[in-house]
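Just so you know, the working numbering puts 170 at position 170 of the sequence shown, and the rest follows in order with no gaps.
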Amino acid sequence: MKTYLLVFLMTFSLINGYGQSTKENIYGSNLEIGKYATINGNKIYYETYGQGTPLLLLHGGLGSISNFMYSIPTFSEHFKVIAIDSPGHGRSSHVDSLSYPYLTERISEFIDYLKLDSLYILGFSDGAVVGLQLAADRPDKVRKLIAIGANIRLDALSEGSINWMRNDMIEWAKNKDGWWSKNILPLLEEPERSDIYLENTKKMWLTKVYVEDKKVQSIKIPTMIMQGDKDGIKNEHAVELSNYIENSQLCILPNTNHYVFGSKPKMVNQIAIDFFNEK
Numbered sequence: 001m002k003t004y005l006l007v008f009l010m011t012f013s014l015i016n017g018y019g020q021s022t023k024e025n026i027y028g029s030n031l032e033i034g035k036y037a038t039i040n041g042n043k044i045y046y047e048t049y050g051q052g053t054p055l056l057l058l059h060g061g062l063g064s065i066s067n068f069m070y071s072i073p074t075f076s077e078h079f080k081v082i083a084i085d086s087p088g089h090g091r092s093s094h095v096d097s098l099s100y101p102y103l104t105e106r107i108s109e110f111i112d113y114l115k116l117d118s119l120y121i122l123g124f125s126d127g128a129v130v131g132l133q134l135a136a137d138r139p140d141k142v143r144k145l146i147a148i149g150a151n152i153r154l155d156a157l158s159e160g161s162i163n164w165m166r167n168d169m170i171e172w173a174k175n176k177d178g179w180w181s182k183n184i185l186p187l188l189e190e191p192e193r194s195d196i197y198l199e200n201t202k203k204m205w206l207t208k209v210y211v212e213d214k215k216v217q218s219i220k221i222p223t224m225i226m227q228g229d230k231d232g233i234k235n236e237h238a239v240e241l242s243n244y245i246e247n248s249q250l251c252i253l254p255n256t257n258h259y260v261f262g263s264k265p266k267m268v269n270q271i272a273i274d275f276f277n278e279k
């Protein structure tokens, strides 16, 4: 396995936490409090913790609510945390195709389903891409956004990252002894259709443009762009995103890979809490 896989955009790193077994992790599998929202005939699984201003957590591609296993306990002391399995992911219903506009539309409908007057969003990786679109499309609802590990086009990734997506991602996911097969595949409502899910994810990731520049430039709400300095996303792309958004902050975490929650969970959690609570 090539070195760049350790910091690649969508592997979430096989070290520093994300690759650890989630058997002791209840988040994403807390069926006593987990609920389903039916959106356009598809079920979206979600879990709610804490009280206060709603904070919607949007996980990364090939992930689930468990992406936030190191953050939910802390965030729930300050906010009403709503963590969802994105459409087609985790315990949510299988969908036959994936795209960033599709995910954005369904999650926008989910916000309306819960009748949320306003909320904060913290999105990671694919969830950060969706978060940027929601910040642009739903300023009536979204008050603040933290976008972690976001790229709005394919060429913002390193060449090694793109090659991994194109040539190695599916093989990595289908390794029966690997992290994804052991921890995410069992969550899927229809694991027998996981090949479709993986192919759809690959197609979505290899799309040349995820979000149009002008849409990101239209964002007016307070936004933080965050990523690790060892991410598979070019650091200059994070700077570019921050410059696009008038009311933005840029946070590059030193010696940190794509999965910032595993590398520096306490730091990330505190930065997020301070940002959301800032008047």
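Here a beta-carbon is modelled for each residue, glycine too, at the ideal position from N, C-alpha and C.
Roughly how many whole angstroms lie between the Cα atoms of residue i and residue j?
| i | j | result |
| --- | --- | --- |
| I233 | G149 | 7 Å |
| Y18 | Y102 | Bear in mind that the predicted position of Y18 carries a pLDDT of just 42, short of 50, making it unreliable; the figure below should be weighed with that in mind. Y18 and Y102: Cα-Cα distance of roughly 26 Å. |
| P191 | T38 | 20 Å |
| D281 | D117 | It is not possible to answer for residue 281, since the shown part of the chain is limited to 1 through 279. |
When every heavy atom of the ligand COA is checked, does at least one fall within less than 6 Å of the C-beta of residue i?
| i | result |
| --- | --- |
| I84 | The ligand COA is absent from the structure shown, which contains no ligand whatsoever. |
Here's a check: name, in chain order, each residue in its chain whose Cβ is nearer than 6 Å to the Cβ of residue i, leaving out the five neighbours to either side.
| i | result |
| --- | --- |
| Q51 | K80 |
| N247 | P222 |
| Y100 | V129, Y210 |
By alpha-carbon positions, which one of the options ends up nearest to residue i?
| i | options | result |
| --- | --- | --- |
| M165 | E212, K203, L188 | K203 |
| K115 | F75, D126, H94, I82 | I82 |
| T53 | S66, Y100, H78, N183 | H78 |
| K220 | Y49, Q249, M267, P87 | Q249 |
| F261 | Y46, F75, I245, E32 | F75 |
| L57 | D126, N183, C251 | D126 |
| I84 | I162, G63, L98, S97 | G63 |
| L206 | G178, Y244, S158 | S158 |
Tell me whether residue i is buried or exposed, calling it buried when 16 or more other Cβ atoms sit within 10 Å of its Cβ.
| i | result |
| --- | --- |
| D231 | buried |
| T256 | buried |
| K279 | exposed |
| S86 | buried |
| I44 | buried |
| G41 | exposed |
| T201 | buried |
Am I right that residue i and residue j are in contact with their C-beta atoms under 8 Å? What's the rounded C-beta distance?
| i | j | result |
| --- | --- | --- |
| L122 | I146 | 5 Å |
| N67 | F124 | 6 Å |
| R91 | L119 | Not a contact, Cβ separation roughly 21 Å. |
If you drop the 5 nearest sequence neighbours on each side, which residues of the same chain put their C-beta closer than 8 Å to that of residue i?
| i | result |
| --- | --- |
| N277 | H78 |
| H94 | G88, L188, E189, E190, R193, I196, Y197 |
Indicate whether at least one CB of chain C lies closer than 7 Å to the CB of residue i.
| i | result |
| --- | --- |
| H59 | Of the protein chains in this structure there is only one, and it is not chain C. |
Can you name, in chain order, every residue of its own chain whose Cβ lies under 7 Å from the Cβ of residue i, other than the five neighbours on each side?
| i | result |
| --- | --- |
| L134 | T104, I107, S108, I121, V142 |
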